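Take a look at the structure set out below.
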Amino acid sequence: MGVTQILFWFLSVMAVFSALMVITSKNPVYSVLWLIATFFAISGHYILFNAQFLAIVNIIVYAGAIMVLFLFVIMLMNLNRETEPQKNRWLKMAGAAAGGCLLLVLVAALKDTDMKQQQALINKGNIGLIKILGKELFTTYVVPFEISSVLFLSAMIGAVVIGKKE
Amino acid sequence: MPVNYYIFLAIALFSIGIVGVLTRRNAIIIFMCIELMLNAVNLMLVAFSKMHHAKALAADAATTVGTDGQLFVFFIMVVAAAEVSVGLAIIVMMYRNIHSVDVNFLNRLKH
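Protein sequence lines correspond, in order, to chains A and B. Per the working numbering, residue 159 is the first one in the first sequence, and the count goes up by one each step. Per the working numbering, residue 239 is the first one in the second sequence, and the count goes up by one each step.
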């Protein structure tokens, strides 16, 4: 078992464990912190794939910007363990059973897929580097890129209009 | 690394997100679970992109097959950032009106 395998298992266990802690923590602030840990584990997976641009963007955009926004909102509302609304036990169990069924169905459907022998390239291949991605982004995907700037503008205006007092 | 390991990891993360949406009542936690599901899909897209790249790399050393998958992930992140800004504004407005983030109080459409 090489270093890559050890890193893969470590990051996978970290991602799944932190994701479980996100949904089981009673305090919303802890949930945010565990979600940041999950995002760091996923960024580690991207680095293993040599997708360095996505790894950095994932940390900057998700762990940096989005989760800080979540943390701001939670602290602004002063949410904590006492104010946390709880579903009753049966609804929780029903939700967990439904999610478990989805997990079971997806795993059963994809366990014997033809792609089983295919290898995802680890540590090699330079398509994740910013040079190649940038060239592709600004030639083939330049129209969606420009449209996404309009999307951002409308999201910004929408957030301001919705958040404004009457 | 076989690609089906990544498939199962992404399925596990996605299912955890689903369970979170179904079992929590705090609107912000539900929103965070949606982000978790988006990230599971992102991981899957990158794994498939590297899988196709590995196949094409055997034939041609200078190929750029698989770039599309990673750019899709980039656009998903862009859309997620826009979605979070609007969604959190809606949650803040909801908190201002009903002084709670409990989704069970949002039942006015039902009556």
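Using N, Cα and C, we set each Cβ at its ideal position, and we do this for glycine too. What you are looking at is a predicted structure, and each value in this text was computed from that prediction instead of being measured.
Worksheet entry | Same chain only: Cβ atoms within 7 Å of Ser183 (chain A), ignoring 5 sequence neighbours per side | Taking the first sequence and counting its residues from 1, one reaches residue 183 (chain A) at position 25. Here the set comprises Ser189 and Trp192.
Worksheet item: Pick from B:Ile268, B:Leu326, B:Leu276 and B:Val241: whose alpha carbon is nearest that of Leu251 (chain B)?
Response: As a first step, residue 251 (chain B) must be located in the second sequence, where it is residue number 13. Closest option to Leu251 (chain B), Cα to Cα, is B:Leu276.
Worksheet item: So Pro186 (chain A) is in the alpha helix (DSSP H); what residue range does that whole segment cover?
Response: Here residue 186 (chain A) corresponds to residue number 28 of the first sequence, with the count starting at 1. Segment Pro186 to Leu206, the alpha helix (DSSP H) holding Pro186 (chain A).
Fill in: Coarse secondary structure for Pro243 (chain A), derived from DSSP in three states
For the purposes of this step, residue 243 (chain A) is taken as the residue at position 85 of the first sequence. Coil, per DSSP.
Worksheet item: Apart from the five residues on each side of it in sequence, which residues of its chain come closer than 8 Å, Cβ to Cβ, to Glu242 (chain A)?
Response: Looking up residue 242 (chain A) in the first sequence gives position 84. Same-chain partners within the cutoff: Lys184, Asn185 and Pro186.
Worksheet entry | Residue(s) in a DSSP beta bridge with Asn238 (chain A) | Position 80 of the first sequence, counted from the start, is the residue given in the question as residue 238 (chain A). Its beta-bridge partners do not exist; DSSP assigns none.
Fill in: Gln276 (chain A), DSSP secondary structure in three states
Position 118 of the first sequence, counted from the start, is the residue given in the question as residue 276 (chain A). In this structure, Gln276 (chain A) counts as coil in the three-state DSSP scheme.
Practice prompt. Answer yes or no: does any C-beta atom of chain B fall closer than 8 Å to that of Tyr204 (chain A)?
Written response: Position 46 of the first sequence holds residue 204 (chain A). Yes, Tyr204 (chain A) lies at the interface with chain B (some Cβ there is under 8 Å from its Cβ).
Discussion item. Out of B:Asn335, B:Asp340 and B:Glu321, which one is the CA nearest neighbour of Ile272 (chain B)?
Written reply: Taking the first residue of the second sequence as position 1, residue 272 (chain B) is located at position 34. Among B:Asn335, B:Asp340 and B:Glu321, the Cα nearest to that of Ile272 (chain B) is on B:Glu321.
Worksheet item: Any chance the region 259 to 271 of chain B sits against the region 325 to 337 of chain B, with 3 or more Cβ pairs inside 8 Å?
Response: Output reads yes: the region 325 to 337 of chain B touches the region 259 to 271 of chain B.
Fill in: Residue burial classification, Leu249 (chain A) (beta-carbon count within 10 angstroms, cutoff 16)
Looking up residue 249 (chain A) in the first sequence gives position 91. Exposed is the call here.
Practice prompt. Can you grab the Cα-Cα spacing for the pair Leu260 (chain B) / Thr305 (chain B), in whole Å?
Written response: Looking up residue 260 (chain B) in the second sequence gives position 22. Looking up residue 305 (chain B) in the second sequence gives position 67. Approximately 35 Å, taken between the alpha carbons.
Worksheet entry | Residues, ordered as in the chain, of the region 169 to 200 of chain A that lie near chain B by beta-carbon distance below 8 Å | Ser170, Ala173, Val174, Ala177, Leu178, Val180, Ile181, Pro186, Ser189, Val190, Leu193, Thr196, Phe197 and Ile200
Fill in: Check whether Ile181 (chain A) and Ile329 (chain B) have beta carbons under 8 Å apart
The residue labelled residue 181 (chain A) in the question sits at position 23 within the first sequence. The residue labelled residue 329 (chain B) in the question sits at position 91 within the second sequence. The answer is no: Cβ separation not under 8 Å.
Worksheet item: Under a three-way DSSP split, which group does Asp306 (chain B) fall into?
Response: Locating residue 306 (chain B) in the second sequence gives position 68, counting from the first residue. Correct three-state label for Asp306 (chain B): helix.
Worksheet item: With 8 Å set as the bound, which would you pick, yes or no: does the beta-carbon of Phe296 (chain A) sit closer than that to a beta-carbon of chain B?
Response: Taking the first residue of the first sequence as position 1, residue 296 (chain A) is located at position 138. It does not: the Cβ of Phe296 (chain A) has no partner Cβ on chain B nearer than 8 Å.
Item to complete: Give me the Cα-Cα distance between Ile245 (chain B) and Arg334 (chain B), rounded to the nearest whole angstrom.
Response: Taking the second sequence and counting its residues from 1, one reaches residue 245 (chain B) at position 7. Taking the second sequence and counting its residues from 1, one reaches residue 334 (chain B) at position 96. Distance between the alpha carbons of Ile245 (chain B) and Arg334 (chain B): 41 Å.
Worksheet item: To the nearest angstrom, how far is it from the Cα of Ile285 (chain A) to the Cα of Leu165 (chain A)?
Response: Indexing the first sequence from 1 puts residue 285 (chain A) at position 127. Indexing the first sequence from 1 puts residue 165 (chain A) at position 7. Their backbone Cα atoms lie some 21 Å apart in a straight line.
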